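This report refers to the structure that appears directly beneath it.
Numbering (my numbering), first residue to last: 20 to 251.
Listed below in structure tokens is the structure:
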């Protein structure tokens, strides 16, 4: 059962877009910008927002695709995959990072947010979480199986905040070398964690997908909560 609400977020170019905001039981806490997969701020992502809100975080899941289509809400079947990939293909990632930076700023301005703000993203959202961290807009970044990160390791010098990377070692969308390349590139960052999960595929955190793996999802979530508790 969802306990959040949709709010308006001001973009940098004087427009407004939506974000799903979920508050913790206490009504206040550190902030998380939760970044969607290609399937929109769907039932699963709203559920993840509520899940982290129950852990005491103020969670905002912005509508990343709003410039193309607002409030995209897809499932995980083949037509949804095709639609999501088409939307991703049209996405201007520079604009998306600007919109996410505006979301982080909006979150920091909320009276319910005490202290710092992290980004947390899945798949496409994991890549965007990485780019958002490189933009200096958040205090920490978490990236679940972020396809594309290993192709943008030139951004590493711009990342000044703690980072947590989760990789699936049987990921069909991300090369096995990605986790090794990220580990090597971030070796000098004492606050960069790179975790790999054996025997699981891309999307292992999503309980609505066939790739869901309960043990890996629970382990990764525990590590994410540990990371956030240290750095936020």
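Built from N, CA and C at the ideal position, the CB exists for glycine as well.
Bear in mind the structure is a predicted one, so any value in this text is a computation, not a measurement.
Residues near residue i by beta carbon distance below 8 angstroms, same chain, minus five either side
i, result
"residue 35", "27, 28 and 29"
"residue 177", "153, 154 and 155"
"residue 104", "57"
Own chain residues within Cβ distance below 6 angstroms of residue i, not counting five before or after
i, result
"residue 174", "153"
"residue 50", "77, 126, 132 and 136"
"residue 181", "159, 210 and 250"
"residue 141", "56 and 163"
"residue 109", "87"
Cβ neighbour criterion (16 or more within 10 Å) applied to residue i
i, result
"residue 241", "exposed"
"residue 65", "buried"
"residue 194", "exposed"
"residue 130", "exposed"
"residue 122", "buried"
"residue 101", "exposed"
"residue 68", "buried"
"residue 25", "exposed"
"residue 89", "exposed"
Own chain, CB closer than 7 angstroms to residue i, minus 5 neighbours either side, in chain order
i, result
"residue 75", "43, 45 and 48"
"residue 189", "218, 219 and 220"
"residue 223", "187, 216, 230, 231, 232, 235 and 236"
"residue 144", "54, 55 and 56"
"residue 202", "213"
Residue i and residue j closer than 7 angstroms at C-beta
i, j, result
"residue 187", "residue 216", "yes"
"residue 161", "residue 183", "yes"
"residue 80", "residue 39", "yes"
"residue 93", "residue 134", "no"
Residue i versus residue j - alpha carbon distance
i, j, result
"residue 239", "residue 185", "7 angstroms"
"residue 99", "residue 61", "11 angstroms"
"residue 166", "residue 179", "21 angstroms"
"residue 55", "residue 91", "10 angstroms"
"residue 214", "residue 228", "21 angstroms"
"residue 37", "residue 106", "17 angstroms"
"residue 169", "residue 23", "34 angstroms"
"residue 97", "residue 225", "16 angstroms"
"residue 146", "residue 95", "20 angstroms"
Within-7 angstroms CB hit, residue i to chain C
i, result
"residue 70", "The structure shown contains no chain C, having only a single protein chain."
* Asked: How do the segment 21-31 and the segment 113-125 stand: do at least 3 beta-carbon pairs fall below 8 angstroms, yes or no?
  -> yes
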